[in-house]
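2 protein chains.
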Amino acid sequence: MKNLHVIKVGGAVINDPLQLDHLLKGISRLAEPFILVHGGGRKVNEWLRKLDLQVNMVDGRRITDGPTLELAVMNYAGSLNKQIVSTLQRYGNNACGLSGADMDCIRAVKRVHPTIDFGYVGDVVHINHKSFSMLIDHDITPVCCAITHDGKGQLLNTNADTIASEISRALAPFYNVNLWFGFEKVGVLEDVNDESSVVKHLTKGSYLKMLADEKIHDGMKPKLHNCISALESGVRTVHICNVEGLLGIPKSAGTKITLK
Amino acid sequence: MKNLHVIKVGGAVINDPLQLDHLLKGISRLAEPFILVHGGGRKVNEWLRKLDLQVNMVDGRRITDGPTLELAVMNYAGSLNKQIVSTLQRYGNNACGLSGADMDCIRAVKRVHPTIDFGYVGDVVHINHKSFSMLIDHDITPVCCAITHDGKGQLLNTNADTIASEISRALAPFYNVNLWFGFEKVGVLEDVNDESSVVKHLTKGSYLKMLADEKIHDGMKPKLHNCISALESGVRTVHICNVEGLLGIPKSAGTKITLK
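Protein sequence lines, in the order shown, are assigned to chains W and Z. When you line the first sequence up against our numbering, it's residues 75 to 334, in that order. When you line the second sequence up against our numbering, it's residues 75 to 334, in that order.
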């Protein structure tokens, strides 16, 4: 099986045009195929403020009402996705931007919650692995934004980390999938205030031990849970690292997570 | 060779959600493959007004400055393109939205004019026919917005009629291409005030005669010039018709234009 890298880049890189350009220039030269998944950064909040609209949050989670969804689609699937694709093209990488509606590649259902109405937020139910394989087999790099659809004409806002994990799991039977989460820190830290305390290798066992010892920062728990779950579905390795780590792909960087 | 329809839908349909849905539902059932090219409608002007920005026009043509380009990308490649794609998906048609940057499918150069600076307006220089063929061969419907790129990382605003013509010409060696321009009138009219005066069939010869007799409305001249030029490059037929005409594809409707 061919190697495939699924690379998720988050808010901090997206918000910094120079760093984003630097990253895209670097990964455009990757010898092995990859899929890029990008978060949205702070653009939607900036637009909501510009239009005097409210940023709705409940328990630290965004509520996607109608105007927020429209701005998310305009920013994530529109300006941001096309900026990334045209930059990759500039650096000689034949990229193709995708929302979940394009080629029906990511289908989701509107989230139902007993007490909170999250609005137009979608939970992934199906990845169309054939759409991704077709592009990869033609040396085209899929670039996914965090917009999905429900198959009934409704677009939905979906977490980019989840999209990266779900794509990785769905493609694991066909490729040696390595999943990379780019974030602000150099990796998972033993001491959140000490950048030199990176955990170089984490297994399911050592993760559960750190969890029991209360050594995992609250903010990292859902991310790491996601990673372990991806590994259990056949993904080979997961890495959590910063931009410099992503620039070194396929060389291991930050925290490498494997099942055993 | 397979038949292929290139269908351009313009502003009036785009501005009317019910009519757009009706059209997409209808063409989603087309038995033969098609490429949809859509204009932008009035959304960008609405957004410019909402943001207290100027709509810049010189000689009736839009000047695309930086903020206008950003809004064009957000609206055309973002909200509008994804709404069309998700609606086609709803009706069972496996659509894929594209800007010119995606799969490098439409490359353009920034327009240089001796006296007017049009800003970020692009003239098409290359259509990547392989990208379109790959999708069509996989029963995927390309849905193109009027945003192109220059291959150096710059997105550009391009006329949707031109995009439809250029795609048709580039695919003519590989398919029997029929180009359809949807617009407000039932077809080319002998008398612009009389909807029953449709010219059912126009050839290059009869077009030149009408032109010499000053029977062609000024607004129709560039459109018809475009049509004749497409036919000279190997496109089989061009039709100019309204939404009802598009809903009848492949049945001839409105004004059918052929070389002879």
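C-beta atoms are modelled at their ideal positions from N, C-alpha and C, and glycine is treated no differently.
For the stretch 95–124 of chain Z, the set of positions with a beta-carbon nearer than 7 Å to some beta-carbon of chain W is empty. Under the Cβ criterion of 9 Å, Lys274(Z) is not counted among the residues facing chain W. For Glu269(Z), same chain residues with a beta-carbon under 8 Å away, outside a window of 5 residues either side, are Lys259, Val260, Leu263 in chain order. Leu110(Z) has its alpha-carbon roughly 13 Å from the corresponding atom of Lys99(Z). In this structure, DSSP gives Leu94(Z) a helical state, which the three-state scheme calls helix.
Note on geometry: alpha-carbon atoms of Thr138(W) and Val183(W) lie some 14 Å from one another.
The C-beta of Ala234(Z) has 16 or more other C-beta atoms within 10 Å across all chains shown, which makes the residue buried. Taking a Cβ-Cβ cut-off of 7 Å, the neighbours of Ile214(Z) in chain W comprise Met177, given in sequence order.
Note on geometry: alpha-carbon atoms of Met294(Z) and Leu145(W) lie some 36 Å from one another.
Residue range 108–112 is occupied by the beta strand (DSSP E) that includes Val111(W). The beta-bridge partner set that DSSP reports for Leu263(Z) consists of Val272(Z). Residue state for Thr236(Z) is assigned as helix, using DSSP reduced to three classes. Spatial neighbours of Ala238(Z) in its own chain (CB-CB distance under 6 Å, excluding positions within 5 residues in sequence) are listed in chain order as Val80, Lys82, Val111.
Boundaries of the alpha helix (DSSP H) around Gly85(W): 85–88.
Interface flag for Leu127(Z) against chain W is unset, since no Cβ pair is found closer than 9 Å.
Note on geometry: alpha-carbon atoms of Gly85(Z) and Gly328(Z) lie some 18 Å from one another. Under the Cβ distance rule, Thr161(W) counts among the residues neighbouring chain Z, one pair being separated by less than 9 Å. Ala151(W) reaches chain Z at Gly152, Lys156, counting residues in chain order whose Cβ is nearer than 7 Å. Across the set Ile180(Z), Lys117(Z), Phe108(Z), Gly225(Z), the C-alpha of Lys117(Z) shows the shortest separation from the C-alpha of Pro91(Z).
Check the Cα spacing between His223(Z) and each of Ile331(W), Gln157(W), Pro296(W), Glu106(W): the tightest is with Gln157(W). In chain order, Lys156, Ser160 make up the part of chain W whose C-beta sits under 7 Å from the C-beta of Leu229(Z).
Contact annotation: the stretch 305–315 of chain W does not touch the stretch 193–211 of chain Z, with fewer than three C-beta pairs closer than 8 Å.
Identification of residues in the stretch 172–197 of chain Z having a C-beta nearer than 7 Å to some C-beta of chain W yields Ser173, Ala175, Asp176, Met177, Asp178, given in sequence order. Counting the other Cβ atoms within 10 Å of the Cβ of Leu282(W) gives fewer than 16, which makes it exposed. Minimum Cα-Cα distance from Gly174(Z) among the listed residues Ser160(Z), Pro296(Z), Leu230(Z) corresponds to Leu230(Z). Assignment of Thr161(Z) by DSSP, reduced to helix, strand and coil, places it in the helix class. For Ile302(Z), the enclosing alpha helix (DSSP H) covers residues 295–306. A direct Cα-Cα distance of roughly 8 Å separates Arg185(W) from Tyr194(W). Selection Asn250(W), Ser242(W), Pro247(W) evaluated against Asn300(W) yields Ser242(W) as nearest (Cα-Cα).
The Cβ atoms of Ser205(Z) and Met177(Z) sit closer than 9 Å to each other.
In terms of Cβ geometry, Pro107(W) and Thr215(W) form a close pair [threshold 9 Å]. Using a Cβ-Cβ cut-off of 9 Å, His203(Z) does not count as an interface residue toward chain W, since no Cβ of chain W sits closer than that to its own. If you draw a straight line from the Cα of Val273(W) to the Cα of Arg136(W), it comes to about 31 Å. Along the stretch 113–189 of chain W, the alpha helix (DSSP H) occurs as fully enclosed runs of 4 or more residues at 117–124, 140–146, 155–164, listed in sequence order.
For Leu162(W), the CB contacts under 6 Å within the same chain, skipping 5 residues up- and downstream, are Leu98, Ser102, Ala169 in chain order. About 5 Å separates the beta carbons of Asn250(W) and Met75(W), which is inside the 8 Å limit, making them a contact pair.
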